[in-house]
Ligand SMILES: Cc1cc2nc3c(=O)[nH]c(=O)nc-3n(C[C@H](O)[C@H](O)[C@H](O)COP(=O)(O)OP(=O)(O)OC[C@H]3O[C@@H](n4cnc5c(N)ncnc54)[C@H](O)[C@@H]3O)c2cc1C
Ligand SMILES: Cc1cc2nc3c(=O)[nH]c(=O)nc-3n(C[C@H](O)[C@H](O)[C@H](O)COP(=O)(O)O)c2cc1C
Ligand code: SF4
């Protein structure tokens with residue numbers, strides 16, 4: 092897709108000079124707390140020091156060797172609660188903007204066409220990676236660097252997972268994604284799109300078709316629903332459908348469809364924030380965000396919550412949907428809401444919403460987007476029937492190696508953790524890659 | 166503190182300056198149009214861009230300067246290969262007349278450089294006749310492309326004496342000799358200048374240096390038509406060198422001439438340091454190239470507040486104040502030793518002190534990894550204070566003198582069991 096407007100491309104980051112100026116504020120700590128704070132061991136303490144000592148290529152090498160999606164993480168990580176959280180510079184002002192430095196370095200590598208990653212001599216074993224989201228990409232890169240033949244199977248038309256079909260492009264654009272994917276492609280990973288691995292035992296069969304190990308990284312592409320059986324309601328979408336529609340060629344059509352409409356998003360997590368903000372940025376008439384608890388109890392990051400307010404979204408807090416109002420043509424006309432108040436804390440430690448009797452009201456709306464939680468697809472356990480999953484259909488693994496209950500099958504990312512972060516998926520990919528190499532070494536012996 | 170009107174005026178060679186701050190001879194004093202703006206901003210005088218007598222055509226290399234950046238800190242130094250004024254003498258002298266007419270209370274110092282006795286005399290006389298209040302003899306340009314000029318003269322003592330004498334005979338206004346730092350001992354040429362009749366010494370001109378080499382073309386900057394050269398370094402990077410030469414000159418009793426200090430001055434503090442070491446006036450170029458004429462406002466205000474805080478009324482009282490405390494290193498009392506001391510409650514846990522103490526000092530720190538705090542093993546501390554240089558919290562690490570009875574631990578010897586292999590006569 093061509094860069095067209097500020098909906099489809101993200102804002103500019105630091106250039107190298109700005110990154111250097113920021114690096115100069117860094118205290119170059121002993122036993123750097125930022126490095127400990129990074130879930131993927133991207134090692135900001137080291138790459139910032141390298142930048143500061145003008146070892147720019149080395150800085151990029153550190154990032155990319157540790158994190159094949161270093162650029163994406165620089166953009167998408169909630170760094171203020173990860174690497175930047177322990178930053179000692181906070182003690183004399185504010186933390187170093189680590190994510191921005193990281194992004195700038197990775198972008199710089201593209202302008203200079205630096206290839207910092209190296210491949211070891213080719214090995215015989217081939218490994219199948221199922222799903223090309225952050226976890227799959229990271230595992231594939233790690234193994235490819237070590238010389239293994241890697242095939243990435245991807246159900247959708249293009250690789251990337253959530254960072255292609257979920258995160259709105261004004262936060263993370265396709266141009267950036269393509270460039271970061273090019274770093275991976277340079278490692279000669281085979282990416283087979285439109286090739287879902289599914290059906291009864293589909294994933295397990297890979298072990299019999301020439302692959303020495305399998306990494307499952309299929310993510311969470313099912314959605315929790317407000318009502319079990321809604322049938323076909325015009326104007327009712329899941330977050331997955333809505334966000335994906337913003338990233339394909341039909342964006343112009345979506346824009347047209349939404350023009351002049353009132354959109355209601357249900358949910359209080361990051362995904363709901365993305366849906367609401369995206370709708371607002373598309374210039375619809377009104378966007379309502381319905382959430383059953385209070386502002387501070389929303390699971391979304393604080394920055395995201397504030398951005399949504401800033402984008403002009405109307406927050407309908409302490410309100411819970413009870414029904415959809417549908418006209419005779421089957422199109423949605425409104426959501427029936429009940430006002431809530433906060434009662435005792437529930438198992439999550441947050442005060443739980445309690446419906447206020449006789450407080451129902453109808454919020455008129457043309458579109459409803461349900462964003463109350465992503466989950467593993469209902470049929471996903473069938474793809475790997477011998478692999479142990481929990482009641483949420485999340486795959487169970489040994490956290491040190493990523494190995495599932497089936498020897499040779501590993502897993503990581505959201506399909507293991509539930510909704511998590513890009514940087515955590517990257518780490519899972521690395522851990523599993525190490526686990527796979529150990530497993531293969533053991534098998535050789 | 167209320168802003169107090171302080172009289173910063175000072176007498177230099179019998180000429181009154183409204184304040185000690187002058188433009189030095191350079192692009193910042195290239196024309197009357199520019200200098201007038203500087204006067205409006207508050208500068209009390211100017212050493213006008215060095216005049217040339219039209220005998221040889223002056224062409225500036227292109228490009229003529231290069232910045233010396235430190236990280237994202239810009240212009241900690243400046244490299245230049247600029248020549249003396251490329252304007253016709255007549256134009257410069259007309260500008261003199263304009264400045265004296267419009268700014269009679271400002272001091273016009275004519276900087277000149279000749280290539281022969283006659284030429285020095287000619288330029289001196291022309292300057293005096295067209296309103297110059299003083300002369301500055303440029304014995305110090307480090308990159309004049311013409312033989313028999315610039316710092317080559319500054320290194321040839323008899324020429325300094327001869328040219329100064331010639332000028333003194335030709336005019337009656339005071340004469341400064343501007344010296345090059347590209348020698349070991351500046352007092353020697355300065356004494357020759359005095360011998361020739363100089364009334365004051367100006368120092369330093371730029372230091373011969375190279376601050377950047379192109380990594381793709383292996384050529385020093387500025388690169389002029391494909392060629393690099395050793396050129397003149399100025400700006401904050403040379404301030405320590407400038408201060409040292411000023412101190413040398415000021416301490417030289419035989420010399421006893423007033424001084425006009427320069428080299429890396431940007432702020433009132435830089436200026437004051439030059440004055441405390443014996444400069445009566447100070448001159449600025451690179452500071453203006455970096456920030457513009459407006460910096461004089463802060464120099465005036467800063468120095469005024471400094472004096473007001475100390476109830477001082479005469480700038481002249483500051484001149485040379487630091488000289489009595491400037492001694493040779495053999496005056497240090499080595500029996501008095503100290504250590505660093507840490508105000509640990511203010512620590513933010515970066516651990517840079519630990520790194521530098523381990524790698525460049527006494528290895529006198531222990532580290533609590535859990536709390537991220539250093540603790541000092543006092544009797545291993547060398548009192549070198551490098552930890553305090555890198556500590557981001559000002560004043561957290563300070564120097565503390567220890568009682569005379571205090572003993573520092575000997576540095577660990579690692580090769581104790583290798584004594585039989587030691588090759589050293591005295592130990593046998
Ligand atoms: C809207 C949204 C916004 C987010 N914003 C952020 C953010 O700002 N910062 C952040 O750190 N995290 C964010 N996250 C979370 C983050 O995107 C995920 O944690 C991360 O993408 C998980 O990576 P993954 O590889 O496990 O799964 P995914 O990214 O979900 O990738 C899984 C891939 O597997 C493919 N697949 C599925 N089934 C099959 C099959 N049977 N065969 C073949 N391929 C299959 C899918 O098509 C997909 O490409 C966000 C998540 C969402 C939904
Ligand atoms: C604290 C200190 C002590 C030094 N001691 C010596 C010395 O004993 N012998 C020596 O030849 N140079 C000595 N030097 C000079 C350095 O070896 C070096 O030439 C100089 O610092 C310039 O290099 P640099 O600025 O890149 O460090 C010393 C420098 C410093 C800063
Ligand atoms: S990957 Fe994310 S958490 Fe890690 S250092 Fe980079 S921005 Fe911070």
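Chains as they are written, first to last, in our numbering: chain A, 92 to 536; chain B, 166 to 593. Each residue gets a CB set at the ideal place from its N, CA and C atoms; glycine is no exception.
- Ligand 1 never approaches residue 242 of chain A closely enough for any of its heavy atoms to be under 6 Å from the residue's Cβ.
- Distance from the CA of residue 503 of chain B to the CA of residue 155 of chain A, rounded to the nearest whole angstrom, comes to 47 Å.
- With a beta-carbon spacing of about 14 Å, residue 273 of chain B and residue 448 of chain B fall beyond the 8 Å limit used to define contacts.
- Every alpha helix (DSSP H) of 4 residues or more that sits fully in the stretch 318 to 344 of chain A is shown, in chain order, as 330 to 336.
- When DSSP reads this structure, residue 431 of chain A sits in a beta bridge with A:446.
- Residue 362 of chain A places its beta carbon 7 Å or farther from that of residue 378 of chain A.
- Residue pairing by DSSP puts residue 377 of chain A in a beta bridge opposite A:353.
- Boundaries of the beta strand (DSSP E) harbouring residue 218 of chain A: 217 to 221, taken from the DSSP string.
- Take residue 414 of chain A, set aside five residues on each side of it, and the residues of its chain with a beta-carbon closer than 7 Å to its own are 427, in chain order.
- The beta carbon of residue 168 of chain A lies closer than 8 Å to those of 174, 190, 512, 513, 514 in the same chain, with the five residues before and after it left out.
- At least one C-beta of chain B is nearer than 7 Å to the C-beta of residue 112 of chain A.
- Chain order gives no chain B residues near residue 125 of chain A, where near means a beta carbon separation below 7 Å; the closest approach is about 11 Å.
- In the pairwise beta carbon analysis, the stretch 419 to 434 of chain A is classified as touching the stretch 325 to 332 of chain A: at least three pairs are separated by under 8 Å.
- For residue 519 of chain B, the nearest beta carbon of chain A is closer than 7 Å to its own beta carbon.
- Between residue 456 of chain B and the set B:471, B:442, B:432, B:477, the nearest pair of CA atoms involves B:432.
- The three-state reading of DSSP puts residue 521 of chain A in helix, counting H, G and I together.
- Spatial neighbours of residue 549 of chain B in its own chain (CB-CB distance under 6 Å, excluding positions within 5 residues in sequence) are listed in chain order as 526.
- Neighbourhood of residue 115 of chain A in chain B, by CB distance below 9 Å: 236, 237, 238, in chain order.
- Just so you know, the alpha carbons of residue 533 of chain A and residue 217 of chain A end up roughly 16 Å apart.
- Taken atom to atom, the span from the alpha-carbon of residue 542 of chain B to that of residue 239 of chain B is near 39 Å.
- In terms of beta-carbon proximity, residue 568 of chain B stays away from the interface with chain A, with every pair separated by 7 Å or more.
- Per DSSP, the unbroken alpha helix (DSSP H) holding residue 274 of chain A starts and ends at 265 to 276.
- Identification of residues in the stretch 533 to 554 of chain B having a C-beta nearer than 8 Å to some C-beta of chain A yields 534, 537, given in sequence order.
- Between the alpha carbons of residue 295 of chain A and residue 484 of chain A lies a gap of roughly 16 Å.
- Contact between the stretch 434 to 453 of chain B and the stretch 376 to 391 of chain B is absent: fewer than 3 CB-CB pairs across the two stretches fall below 8 Å.
- When CB distances to chain B are screened at a threshold of 7 Å, the residues of the stretch 157 to 185 of chain A falling below it are 179, 182, 183, in chain order.
- The secondary-structure analysis by DSSP pairs residue 405 of chain A across a beta bridge with A:379.
- Residue 477 of chain A carries a coil assignment under DSSP once its states are collapsed to helix, strand and coil.
- Proximity of chain B to residue 129 of chain A at the Cβ level (cut-off 7 Å) is not reached, the minimal Cβ distance being about 17 Å.
- The beta carbon of residue 246 of chain A sits closer than 6 Å to at least one heavy atom of ligand 1.
- Looking at the DSSP output, residue 564 of chain B shares a beta bridge with B:505.
- Residue A:454 holds the alpha-carbon nearest to the alpha-carbon of residue 381 of chain A among A:454, A:335, A:183, A:165.
- Per DSSP, reduced to three states, the secondary structure at residue 136 of chain A is helical.
- If you look at residue 581 of chain B, you'll find it isn't in any beta strand (DSSP E); DSSP assigns it neither H nor E.
- In the assembly as shown, residue 521 of chain A is a buried residue. Its beta-carbon has 16 or more other beta-carbons within 10 Å.
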